[in-house]
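To start, the structure under review is shown below, and the notes come after it.
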Amino acid sequence: MKDRRPQNTRVRFRDIIRLARKVSKTHRPRVAVAGADDPIVLDVLCDASAQGFALPVLFGREASIRALAKRQRLSLEGCEVVDVDDPTDAARQAAEAASSGEADVLMKGNVTTATIMKAALDKEIGIKTDRLMSHVAVFEAEGYDRIMFMSDGGIVIEPDLEQKVEIVKNAISVAHALGVKQPKVALLSSIEIVNTKMRSAVEAAIIAKMADRGQIKGAIVDGPFALDNAISPEAARQKGVESPVAGAADILIVGHADVGNVFYKTLTYFVGKRCKTAGVIAGGLVPMIVVSRADTYEARLNSIAVACILSQAGK
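First residue of the sequence shown? That's 1405 in the numbering used here, and the numbers climb one at a time after it.
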């Protein structure tokens, strides 16, 4: 019988940059940046602006921002600069711009992660809704012909079953926005069978059954999987794992932030230039970018592109 399920386009990061430019033609997303007085942050934002997929709103010390731009020979044309001396105030004003609809994306610049997250989660000025916010990493590793996703590596430390379901849904929404229409979701454990003594395996099986019953839509969801048989067809065959997701996963869902963090850092440090990355926090009023100091220039630019696309999804 012919497989009539929607087939995924092989999306690469070069396609994401093109898509970011395309969706920004009618409305260029405004990116509110808390602490823009940082050389790398300012450089990548000016690049995104020049490429036509972002309108930066720069919160920070105006004199420092303009001095940096002059020193780095960057044009601030198309950028709005909001003079704020204090990093905490910069974070709060950027978050308020996002929550009020004046900005489409919230981004961490030269402020601490704790400072920007406190502002983002503030009940009065933040971007928190009744939905769970979670981090979705996007990566394209050498040897694979497409982007893949991993969640959650930094926001929800030890998610319970209900939170894992929301993490799955957020990751699916990001995949859809980037053109992966029917992503295959692998719920990871250390084994591919249901061991009742292992919480990750049991909850993976429950979520997979929920998807079977239509409680999670827009994706093919299965688990538990060990990492090897989620991404390697050969490993799946050797272990006798039969599933449309086995060896072909687009989205990897981990059971603890420690696992996700180590996974992402492994891509960054062991794979390095052979792996392109990006990251976005989904589930809020607007997409949010929280880059690490160790993230490359390319990873930051990719993250802005992903967030700008996500901000326009469904509009």
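Note that CB positions come from ideal geometry on N, CA and C, so glycine has one too.
In the structure shown, what three-state DSSP assignment does lysine 1601 receive?
If DSSP states are grouped into helix, strand and coil, lysine 1601 belongs with coil.
Rounded to the nearest angstrom, what separates alanine 1454 and glutamate 1481 at their Cα positions?
9 Å
Under a Cβ-count criterion, where at least 16 other Cβ atoms within 10 Å of its own Cβ denotes burial, should alanine 1495 be classed as buried or exposed?
buried
Under the three-state DSSP convention, the category lysine 1406 falls into
The pLDDT assigned to lysine 1406 is 39, lower than 50, so where the model puts this residue is not dependable, and the model offers no usable value.
By how many angstroms is the C-alpha of phenylalanine 1629 removed from the C-alpha of leucine 1689?
32 Å
Of all the options Arg1416, Val1445, Glu1607, Gly1439, which has the alpha carbon lying nearest to the alpha carbon of threonine 1700?
Val1445
Could you tell me if tyrosine 1673 is buried or exposed, where buried requires 16 or more neighbouring beta carbons within 10 angstroms of its beta carbon?
Classification of tyrosine 1673: exposed, given that the 10 Å Cβ count is below 16.
Nearest-angstrom Cβ-Cβ length linking alanine 1509 and alanine 1711, presumed shorter than 8 Å:
In the sequence on display, residue 1509 carries valine and not alanine. Between alanine 1711 and valine 1509 the Cβ distance is about 5 Å, and since that is below 8 Å, they are a contact.
Measure how close the beta-carbons of valine 1598 and leucine 1714 come, nearest whole angstrom, since I'm counting them as under 8 Å.
The Cβ separation is near 34 Å, so there is no contact.
For a test of the three-state rule: what should DSSP assign to glycine 1651, helix, strand or coil?
coil
Using 8 Å as the threshold, is the C-beta distance between lysine 1573 and isoleucine 1620 below it?
yes
Taking the alpha-carbon of histidine 1660 as reference, which of Ala1440, Leu1459, Glu1607 has the nearest alpha-carbon?
Glu1607
Cβ-based burial, arginine 1678 [other Cβ within 10 Å; buried from 16]:
The C-beta of arginine 1678 has fewer than 16 other C-beta atoms within 10 Å across all chains shown, which makes the residue exposed.
Mapping the DSSP letters down to three states, classify leucine 1478 as helix, strand or coil.
coil
Pick helix, strand or coil for arginine 1434, following the three-state DSSP scheme.
strand
What is the DSSP secondary structure of cysteine 1483, reduced to helix, strand or coil?
coil
Alpha carbon to alpha carbon, how far is aspartate 1441 from alanine 1639?
48 Å
Suppose only complete runs of 4+ residues qualify. What are the alpha helix (DSSP H) ranges in the stretch 1494 to 1528, listed by chain order?
1517 to 1524
Could you check whether proline 1433 and alanine 1467 sit closer than 8 Å to each other, using their CB atoms as the reference points?
no
Distance, Cα to Cα, lysine 1601 vs aspartate 1564?
16 Å
Uninterrupted beta strand (DSSP E) stretches inside the stretch 1652 to 1694 (no shorter than 3 residues)
1655 to 1657, 1679 to 1686
Just curious, the beta strand (DSSP E) that valine 1560 is in, first and last residue?
That residue, valine 1560, is in no beta strand (DSSP E); it is neither H nor E in DSSP.
Extent of the continuous beta strand (DSSP E) run through leucine 1582
Here leucine 1582 belongs to no beta strand (DSSP E), and DSSP marks it neither H nor E.
Using only the alpha-carbon positions, how far apart do threonine 1430 and isoleucine 1520 sit?
Going from the Cα of threonine 1430 to the Cα of isoleucine 1520 covers about 29 Å.
Environment of serine 1707 [buried if 16+ CB atoms lie within 10 Å]
buried
Those residues which DSSP pairs with methionine 1552 across a bridge
Phe1543
Skipping 5 residues on each side, what residues in its chain have a beta carbon closer than 8 Å to that of leucine 1536?
Val1560, Gln1567, Glu1570, Ile1571, Asn1574, Gly1687
Separation of valine 1461 from aspartate 1603, as counted between CA atoms
One detail in the question is off: residue 1603 reads as arginine in this sequence, not aspartate. Arginine 1603 and valine 1461: Cα-Cα distance of roughly 44 Å.
May I have the straight-line CA-CA distance separating leucine 1591 from alanine 1518, to the nearest angstrom?
29 Å
Nearest-angstrom Cα distance between serine 1593 and valine 1542?
20 Å
Starting from isoleucine 1531, trace the beta strand (DSSP E) both ways and give me its first and last residue.
Neither: isoleucine 1531 is in no beta strand (DSSP E) and is coded neither H nor E.
Got a sec? Which residues, its chain only, sit under 8 Å from isoleucine 1624 by beta carbon, not counting five neighbours each side?
Arg1409, Gln1586, Pro1587, Lys1588, Val1589, Ala1615, Pro1648, Val1649
Using a Cβ-Cβ cut-off of 7 Å (strictly less than) and excluding sequence neighbours within five positions of alanine 1698, which residues of its own chain qualify?
Counting only Cβ-Cβ distances below 7 Å, and skipping sequence neighbours, we find Thr1672.
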